[in-house]
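J.: In my numbering, the protein residues as written are 14 to 518.
We put the CB at the ideal spot given by N, CA and C, even for glycine.
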Ligand code: HEM
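#1: Is DSSP giving residue 417 helix, strand or coil here?
#2: In terms of residues, what are the limits of the alpha helix (DSSP H) holding residue 322?
#3: State whether the stretch 227–242 contacts the stretch 79–91, with contact taken as three or more CB pairs (one from each stretch) at a distance under 8 Å.
#4: In terms of residues, what are the limits of the beta strand (DSSP E) holding residue 386?
#5: Whole angstroms is fine: what's the gap from residue 454's alpha carbon to residue 19's?
#6: To the nearest angstrom, how far is the alpha carbon of residue 321 from that of residue 23?
#7: Jot down the residue ranges of each uninterrupted beta strand (DSSP E) in the stretch 213–253, minimum 3 residues, whole runs only, in chain order.
#8: According to DSSP, residue 133 sits in a beta bridge with which residue or residues?
#9: By the 10 Å Cβ neighbour count, where 16 or more other Cβ atoms means buried, how is residue 435 classified, buried or exposed?
#10: What's the gap between the Cα of residue 513 and the Cα of residue 274?
#11: With C-beta atoms as the reference, is residue 516 less than 8 Å away from residue 354?
#12: Give the secondary structure of residue 45 by DSSP, where H, G and I count as helix, E and B as strand, and everything else as coil.
#13: Please name the residue, chosen from 429, 358, 154, 282, that lies closest to residue 226 on a Cα-to-Cα basis.
#14: Taking 7 Å as the cut-off, is the CB of residue 321 close to at least one heavy atom of the ligand HEM?
#15: Do you know offhand how far residue 131's Cα is from residue 451's?
#16: Considering only the alpha carbon of each residue, which of 43, 342, 48 lies closest to residue 32?
#17: Buried or exposed for residue 342, please, with buried defined as at least 16 other CB atoms from any protein chain shown within 10 angstroms of its CB.
#18: Where do the ends of the alpha helix (DSSP H) carrying residue 437 lie?
#19: Is residue 86 helix, strand or coil by DSSP?
#20: If you pair each beta-carbon of the stretch 153–160 with each one of the stretch 283–296, do three or more pairs fall below 8 Å?
#21: Taking Cβ positions, are residue 127 and residue 114 nearer each other than 8 Å?
#22: To the nearest angstrom, how far is it from the Cα of residue 365 to the Cα of residue 346?
#23: If you count every other CB in all the chains shown that lies within 10 Å of the CB of residue 192, and 16 or more means buried, which is it?
#24: Give the secondary structure of residue 125 by DSSP, where H, G and I count as helix, E and B as strand, and everything else as coil.
#25: Round the Cβ separation of residue 494 and residue 328 to the nearest angstrom and send it over; I've been treating them as touching at under 8 Å.
#26: For a test of the three-state rule: what should DSSP assign to residue 404, helix, strand or coil?
#27: Strictly by DSSP, which residues pair up with residue 549?
#28: From residue 485 to residue 173, what does the alpha carbon distance come to, in whole angstroms?
#29: Alpha carbon to alpha carbon, how far is residue 311 from residue 122? Give it in angstroms, no decimals.
#30: Whose C-beta lies closer than 8 Å to the C-beta of residue 256 among residues of the same chain, with five residues either side of it excluded?
#31: Secondary structure at residue 489, three-state DSSP: helix, strand or coil?
#32: Since residue 460 and residue 313 should fall inside the 8 Å C-beta cutoff, what is the C-beta to C-beta distance between them, to a whole number of angstroms?
#33: Here's the rule: buried if 16 or more other CB atoms are within 10 angstroms of the residue's CB, otherwise exposed. What is residue 318?
#34: Name the DSSP bridge partner or partners of residue 395?
#35: May I have the straight-line CA-CA distance separating residue 326 from residue 25, to the nearest angstrom?
Below, the structure written as C-alpha cells:
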C-alpha cells in the first residue's frame, strides 16, 4: 500500500515538473500553462471560472496569453486588449461558428440541418442578397445587422418598444398584470425588482419580435424562459440530461411554442413579426428546413433578444435606488424628452450630449455587471500576442477581466463610479468589450440601450421608486457562466415600492 502511494506521488511530481517546468522551457513560443496538482482545473472552473482566470493572471503577473486545461480541453486565455484585437481580426484561422454549431446541436438541431446551414449558398439566390456566397449561418449575422443597426428596420422596433412601455407603465396595468406584487391600497404597489424587470422585459422582447400571437399561443412562455435562462449554465457546461431536467423542460416548452407559432398560417402573424423573423423563416424554408428545426433556430434568437436586457435594467435600477442623487440626475436629465407623462422624444435620451449622466450610468452598469467572454476554435496554428496557439484548441477573451484594468478605467475599480466615463474616448478603448467584438459583436446593442433607458426614464417620470426594508445590496452570481450580463444570487431579489407622481408639463 505504502509503495503504491509513494509510486503515485513520484508519478504526480514527475508529471508536474515535466508539464509545467521542463516543457515550457523547451517550447518558449507556446503560452505558459497555469499549473495544477491535479491533471486539470475542472473544479475551480465550474465553481467560479472568472475567479480562476483572475488567479491565473495574477500567478503569471504578466499580460502575455497563458494556457489553461479543463477536462482535456486547452484554452489560451488572452487578457490584453491589444491581443484581443488580434483575436477578432484572425477570422480566417479562428472560428466562432464552432461555438454556434455546438449550441445548435445541444438544443436539438439535426446534424444534416447544421450541415445545410453552414454550406455556402449561391451568390444569386433569391431572398436576402448574398454577394459573398455565404452560408445561411453566416448570412444570419448580416440579417441581424440589417434589422438591428441604426436605420429604418431598427426604427420600427424602437417605435414598438416605446408604444409598449407607454401602455404598460401605469399603476392600473401593474396591479392587473403583476400577480406576484403586493398592492398597497390603490395608491402604490410593491414589487420584487429582479422578478418584475425580468418578466416585463421578456414580454416586451417577444412582443416586439413576434407580435401578440406568441402570448396567445402560450401565456406562460416568459416564465418558462426565465426558468431556463437562470439555469443556462447547465446548457453551457453540457450537463448530462439526468442532471438537467430543470433546464431542459422549460427549453422544450419554448421550442414547442415557437413550433406552434410557425404552424399558424403566415398571413395571421407576419404583420406582428419583425422583418428578421419573416426573413429567417423564408430563408430556412427555401433550404428545406422543417418547422421543428426552424423552431430551434429561432429559439436562439428568442434567447439573444431576452437574456441580457432584463438583467441590465435590473442592475441600472438597483444602482439608482441605492444612489438617490444619481436617480435625481437621471430623472432631471431625461425630463426634456417628456410632455407630462408622455415620452415625446425618445432619441433625446440616447444622445450623450443631452444626457451625459444617463450615458455614464449605462456604461458603468455594463462594466460592473458584464460577464461574457469570446470563445473561438483554432482551425490553423495562429500566433496571438507573439505566442503560438495550436490548431484544435480554443482561444478565450474574458471581457470581465479587461473591464477591471485600473490603468484604463481608473481607481476604485470594483465600485460604481459613473464619473470615470468622463475620461475622453473611454468607450472607444479596446479594453471596453461588453458586447464582444469583431464580426460577431452584439448587433442588439442599440436596441438594448434604447429599451433600457426608455423604460427607466418613463418609470422615473411616472413614479417615485424606493427600496423597501433593509436588505443588503444584491450580490451578482459571478460563479456561473452566462452569455452577457450576470444574474443575482438566489434569495437576493429585493422589493421596491412604486408610487405614482403627478404629471408635470
Ligand atoms: C445589454 C444587453 C446585451 C448585452 C450585454 C449583449 C451582449 C452580447 C454579447 C457579449 C454577444 C457575443 C459577442 C461575441 O462573442 O463576440 C452578443 C451577441 C449577440 N447579441 Fe447581444 N447583448 C445584449 C442585448 C441584445 C439584444 C437586445 C439583442 C437583440 C435584439 C441581441 C442580439 C445579439 C445577437 C443576434 C448576437 C449574435 C451576433 C452574431 O453572432 O452575429 N443582444 N450579445
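T.: So, to answer that:
#1: Three-state result, residue 417: coil.
#2: First-last of the alpha helix (DSSP H) with residue 322: 304–334.
#3: Verdict: no, contact absent.
#4: From DSSP, the beta strand (DSSP E) with residue 386 extends over 386–391.
#5: If you take the alpha carbons of residue 454 and residue 19, they lie about 52 Å apart.
#6: Each residue's alpha carbon lies about 49 Å from the other.
#7: The stretch 213–253 contains no whole beta strand (DSSP E) run of 3 or more residues.
#8: Residue 133 is not bridged to any residue.
#9: By the 10 Å Cβ count, residue 435 comes out exposed.
#10: If I take the Cα positions, the gap works out to 37 Å.
#11: Taking 8 Å as the Cβ cut-off, residue 516 and residue 354 qualify as a contacting pair.
#12: Residue state, collapsed to three classes: strand.
#13: The candidate whose alpha carbon is nearest that of residue 226 is 282.
#14: At a cut-off of 7 Å, the beta-carbon of residue 321 counts as near the ligand HEM: some heavy atom of the ligand is closer than that.
#15: Residue 131 and residue 451 have their C-alpha atoms spaced approximately 20 Å apart.
#16: Nearest option by C-alpha distance: 48.
#17: So residue 342 ends up on the buried side.
#18: Boundaries cannot be given for residue 437, as no alpha helix (DSSP H) includes it and DSSP labels it neither H nor E.
#19: In the three-state reduction of the DSSP assignment, residue 86 falls in the strand class.
#20: The answer is yes - the stretch 283–296 touches the stretch 153–160, with three or more Cβ pairs under 8 Å.
#21: Contact check for residue 127 against residue 114 passes: the beta carbons are separated by less than 8 Å.
#22: Roughly 10 Å between the two C-alpha positions.
#23: Exposed.
#24: The answer is helix: DSSP assigns residue 125 an H, G or I state.
#25: Not confirmed; about 17 Å, so no contact.
#26: Reduced to three states, the DSSP call for residue 404 is coil.
#27: Within the shown structure, residues of the chain are numbered from 14 to 518, placing residue 549 beyond reach of any answer.
#28: Taking the straight line from one Cα to the other gives about 36 Å.
#29: Each residue's CA atom was taken as its position, placing residue 122 and residue 311 some 11 Å apart.
#30: Excluding residues within five positions, the ones whose Cβ falls inside 8 Å are 247.
#31: If DSSP states are grouped into helix, strand and coil, residue 489 belongs with the strands.
#32: About 17 Å; that fails the 8 Å criterion.
#33: Buried, since its Cβ has 16 or more Cβ neighbours within 10 Å.
#34: Beta-bridge partners of residue 395 (DSSP): 402.
#35: Whole-angstrom Cα-Cα distance: 49 Å.
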